[in-house]
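The block underneath contains the structure these notes are about, expressed in structure tokens.
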Amino acid sequence: MPKIKLSQRTIEIVKEICLSFENNEGELINVLHEAQHKLGYLPAEVQELIAHELNMSIAKVYGVVTFYSFFNMLPQGEFPISVCMGTACYVRGAEQILHEIKRQLNIEVGQSTPDGKFSLNCLRCVGACGLAPVVMVGEKVYGRVAPQQIRKIIAEYQEGCVRPEKHEM
Amino acid sequence: MDMINLTIDNRPVSVKRGTSVLHAAAQVGIKIPSLCYMKLEDLNIENKPGGCRVCVVEVEGRRNLAPACCTDVAEGMVIQTHSMRAIHARRTVVELILSDHPTDCLKCAKAGNCDLQSMAQHLGIREIHYEGEQSTFREDTSPAIIRELDKCIRCRRCEMMCNEIQSVGALSAINRGFNAVISPAFEMNLDHSVCTYCGQCVAVCPTGALTEVDHTGAVIRALSDPSKTVIVQTAPAVRAALGEEFGDEPGTLVTGKMAAALRRLGFNYVFDTDFAADLTILEEGTELLNRLTAFLGGDKNVKLPMLTSCCPAWVKFFEHQFPDLKDIPSSARSPQQMFGSIAKTYFADKIGVNRKDLVVVSIMPCVAKKYECSREEFSVNGNPDVDFALTTRELAQLINLANIDFKSLPDEDFDHPMGESTGAGVIFGTTGGVIEAAVRTAYEVFTGKKLDRLDYTELRGMEGLRHATIDFNGLPIHIGIAHGLGNARKLLEDIQQGKSHFHAIEIMSCPGGCIGGGGQPYHHGDAEILKKRQMALYREDSGKPIRKSHENPYITKLYEEFLGAPMSEKAHHLLHTEYFDRSKS
Chain A
58 MPKIKLSQRT
68 IEIVKEICLS
78 FENNEGELIN
88 VLHEAQHKLG
98 YLPAEVQELI
108 AHELNMSIAK
118 VYGVVTFYSF
128 FNMLPQGEFP
138 ISVCMGTACY
148 VRGAEQILHE
158 IKRQLNIEVG
168 QSTPDGKFSL
178 NCLRCVGACG
188 LAPVVMVGEK
198 VYGRVAPQQI
208 RKIIAEYQEG
218 CVRPEKHEM
Chain B
59 MDMINLTIDN
69 RPVSVKRGTS
79 VLHAAAQVGI
89 KIPSLCYMKL
99 EDLNIENKPG
109 GCRVCVVEVE
119 GRRNLAPACC
129 TDVAEGMVIQ
139 THSMRAIHAR
149 RTVVELILSD
159 HPTDCLKCAK
169 AGNCDLQSMA
179 QHLGIREIHY
189 EGEQSTFRED
199 TSPAIIRELD
209 KCIRCRRCEM
219 MCNEIQSVGA
229 LSAINRGFNA
239 VISPAFEMNL
249 DHSVCTYCGQ
259 CVAVCPTGAL
269 TEVDHTGAVI
279 RALSDPSKTV
289 IVQTAPAVRA
299 ALGEEFGDEP
309 GTLVTGKMAA
319 ALRRLGFNYV
329 FDTDFAADLT
339 ILEEGTELLN
349 RLTAFLGGDK
359 NVKLPMLTSC
369 CPAWVKFFEH
379 QFPDLKDIPS
389 SARSPQQMFG
399 SIAKTYFADK
409 IGVNRKDLVV
419 VSIMPCVAKK
429 YECSREEFSV
439 NGNPDVDFAL
449 TTRELAQLIN
459 LANIDFKSLP
469 DEDFDHPMGE
479 STGAGVIFGT
489 TGGVIEAAVR
499 TAYEVFTGKK
509 LDRLDYTELR
519 GMEGLRHATI
529 DFNGLPIHIG
539 IAHGLGNARK
549 LLEDIQQGKS
559 HFHAIEIMSC
569 PGGCIGGGGQ
579 PYHHGDAEIL
589 KKRQMALYRE
599 DSGKPIRKSH
609 ENPYITKLYE
619 EFLGAPMSEK
629 AHHLLHTEYF
639 DRSKS
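Protein chains in written order, with my numbering: chain A, 58 to 226; chain B, 59 to 643.
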């Protein structure tokens, strides 16, 4: 993983988040959620800083980050696409959906498009099994998706969509 | 006492509330097979993740089988530990583990000592009915420990030792499901992590996933090279455990047989690290007295308490975790390194051998000693003071390889001049021993009086944190002792916060001290073995004609002929060291 140096501003943001949870080790998951929300992803340096602030081992922080598929260690696209691979979505064709997205964006799971616009991930169950198969783009949920709809969904984000606020590291 | 009555395998059992089914059964002599579970009684070490499900039993009225290790007894419980259903489940679990385990047992470093192998044997597994994907992890080699995680069964014993007992935090479970494994942060190599190489992960690993780096091949090559003079030193704790590898009862002392075996292996001189332990006491004891005298004289800059520095894992621990305290430990090198340094100067000169042609091998109860002797500051122009450190287990392997019948060996003595030692040197191998040895010398030097008793029982024991006050002729000296790095951390935090009232603190990384080191014969969770090794060292001490380091005649001679006095410039150069801040690396 390429080493990046955190800006002073990023360090402050992470420290503020930790402090808002009273630097309590037991709040690690909430801290990680908040940090990812603000920064977009959780590079090694951010995890090291969080471990230091919460006075716990970096290995433990990394253990939690790698356990939950929600957490990302690589920069996400401006519009992260998540395909649910939970049982209900899977049996209703999530794999074909995933295949179609990979084909259209020409990236693999875990990668971002070269323009940084889209990234692709799988996740387990978003709790909307009635809408299976489900695709999420950012916070927006698309239900009963068919492979033919993919082109249209991606096009929605190609131009003129409101860009999510993200802090630059 | 709140007692619970239950029935296990049709036998009535009455145990304390809060007892697990596994322990309740053990109390009436029923052994329920278990794999990930491990407990070291009286050392507060217990691994109970309930992960492997090998210990499942049938509880009447419950739909599912219950893991005996983490199910508490309840009034009126009726348990069958070996019903057909329980046996079938147990076998299935072990077969599933084996279906994702390399089948290279014939050449595995843990063969014969593997808990998974024993379990498969115990359950009579002759066929694995499941076929599937195999985990493939990259092998990680460090100066002391090898991680071969294809053999990891996720029992999490290593993680428990590394975090709960040692508070090192190098290892954690990462990823999930099939990809879950125990690893340092960011899957970095162990030698980039905060690992101290204490080797307690190796000591408890049930399989060959964690083992020491094997240096037996290199030692055999040195022994068969006619241009080399090969000498060996043996750490105190080795003699109290080596016999176990040859079927002796734990606690059997094999000092004489060990010396005989080493001679038959072809070492040119068989020496004793205990000699260097006596030397350590002279240096470290003098340093303590110097600091004490300065402190009593009103010097505000003097650093107290003084911490011992014999244990390489402990040294690496404070270099990573408490770099602000790196001026507090004694600057004295460990006995292993003092030995190497003296061997390649004083002794090499004595026998007229160039240091390049002198190979120093050490036999250690420890895996961190492998790392210690590779530290750059312990070498001269790239030539290390100690060339190879073997564990007790590796020595046993060499003895077997050379077809030496260990049990029938005669007792032999160590060679001179670096084989003579006192009782004080011997007890370096147990928690409390280094500081007791230091007290014996410091007291006499400080007060100018003879000690009327030598056994400081108040410094002995197995409790993780101990303290005692020793009367130095009216001056109370407060002494602290910690074994296990988690316990050491507590004392260090007190020092940081200015709450420590101790003058001297002894720290050993491994539970029990070196007798419980990561390089010792595997204890398989039996704490009695550690206690017996400890008693053996005290027995060896009390049987020694000389029991105070400063009375060792060869040490006196070494100072007269070579070093001058303790803490002299030469002694400083050869026997002391400095520490580094590793918190940023």
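For glycine and all other residues, C-beta sits at the position ideal for the given N, C-alpha and C.
None of the values given here were measured: they were computed from a predicted structure.
Taking its Cβ as the centre, do 16 or more other Cβ atoms sit within 10 Å of residue i, making it buried, or is it exposed?
i, result
"B:G119", "exposed"
"B:S92", "buried"
"A:V166", "exposed"
"B:Q175", "buried"
"B:S607", "buried"
"B:L311", "buried"
"B:A390", "buried"
"B:S466", "exposed"
"B:G76", "exposed"
"B:S72", "exposed"
"A:T67", "buried"
Express the C-alpha separation of residue j and residue i in angstroms, rounding to a whole number.
i, j, result
"B:V239", "B:R205", "11 Å"
"B:T338", "B:T194", "46 Å"
"A:K174", "A:F136", "6 Å"
"B:V151", "B:M219", "24 Å"
"B:D249", "B:L550", "24 Å"
"B:T366", "B:E342", "8 Å"
"B:P624", "B:P387", "17 Å"
"A:G97", "A:P132", "7 Å"
"B:D382", "A:S64", "26 Å"
"B:C56", "B:R215", "The structure shown does not extend to residue 56 of chain B, since chain B spans only 59 to 643, so no value can be given for it."
"B:M593", "B:A495", "16 Å"
"B:R184", "B:L512", "57 Å"
"B:H146", "B:E153", "10 Å"
"B:K46", "B:H536", "In the structure as shown, chain B begins at 59 and stops at 643. Residue 46 of chain B is therefore absent and cannot be evaluated."
"B:R322", "B:D471", "13 Å"
"B:I186", "B:S141", "21 Å"
"B:Q85", "B:M61", "14 Å"
"B:I74", "B:T129", "The sequence shown places Lys at residue 74 of chain B, not Ile. Near 14 Å, if we compare the C-alpha coordinates of B:T129 and B:K74."
"B:G227", "B:Y255", "12 Å"
"A:G184", "A:I86", "20 Å"
"B:V328", "B:H474", "8 Å"
"A:S169", "B:E245", "22 Å"
"B:A426", "B:H630", "24 Å"
"B:L80", "B:E133", "15 Å"
"B:P363", "B:H525", "13 Å"
"B:L123", "B:R69", "19 Å"
"B:L543", "B:M566", "7 Å"
"B:L523", "B:V373", "18 Å"
The beta strand (DSSP E) with residue i in it runs from where to where?
i, result
"B:F530", "523–530"
"B:S420", "416–422"
"B:Y327", "327–330"
"A:M193", "192–194"
"B:R121", "Counting along the chain, B:R121 falls outside any beta strand (DSSP E), and DSSP gives it neither H nor E."
"B:L268", "268–270"
"B:I386", "Run containing B:I386: none; DSSP gives neither H nor E here."
"B:S241", "239–241"
"B:P534", "533–541"
"B:F304", "Counting along the chain, B:F304 falls outside any beta strand (DSSP E), and DSSP gives it neither H nor E."
"A:C141", "136–141"
Ends of the alpha helix (DSSP H) at residue i?
i, result
"A:Y119", "115–124"
Closer than 7 Å, Cβ to Cβ, to anything on chain A: give me those residues from the segment 224–254 of chain B, in chain order.
G227, A228, L229, S230, A231, I232, N233, R234, P242, A243, F244
Name the residues in the segment 155–185 of chain A whose C-beta lies less than 9 Å from a C-beta of chain B; which are they?
none
Near-chain B residues of the segment 103–124 of chain A (beta-carbon distance less than 9 Å), N- to C-terminal order:
Q104, E105, A108, M113, S114, I115, A116, K117, V118, Y119, G120, V121, V122, T123, F124
Stretch pair the segment 267–284 of chain B + the segment 589–604 of chain B: three plus CB contacts closer than 8 Å
no
Determine, using beta-carbon pairs with one atom in the segment 473–480 of chain B and one in the segment 327–337 of chain B, whether at least three such pairs fall under 8 Å.
yes
Taking three-plus beta-carbon pairs below 8 Å as touching, is the segment 480–494 of chain B in contact with the segment 510–527 of chain B?
yes
Any contact of the segment 93–113 of chain B with the segment 63–70 of chain B, i.e. 3+ C-beta pairs under 8 Å?
no
Can you list, in chain order, the residues of the segment 84–105 of chain B whose Cβ is nearer than 9 Å to any Cβ on chain A?
none
Output, in sequence order along the chain, the residues in the segment 92–103 of chain A whose CB is closer than 9 Å to any CB in chain B.
A101
With three or more C-beta pairs closer than 8 Å as the rule, is the segment 446–461 of chain B touching the segment 560–578 of chain B?
yes
Report yes or no: do three or more beta-carbon pairs, one from the segment 134–148 of chain A and one from the segment 104–112 of chain A, lie closer than 8 Å?
no
Per the contact definition of three or more C-beta pairs closer than 8 Å, is the segment 558–573 of chain B in contact with the segment 287–299 of chain B?
yes
Segment contact flag, the segment 115–124 of chain A with the segment 153–161 of chain A, C-beta cutoff 8 Å, min 3 pairs
no
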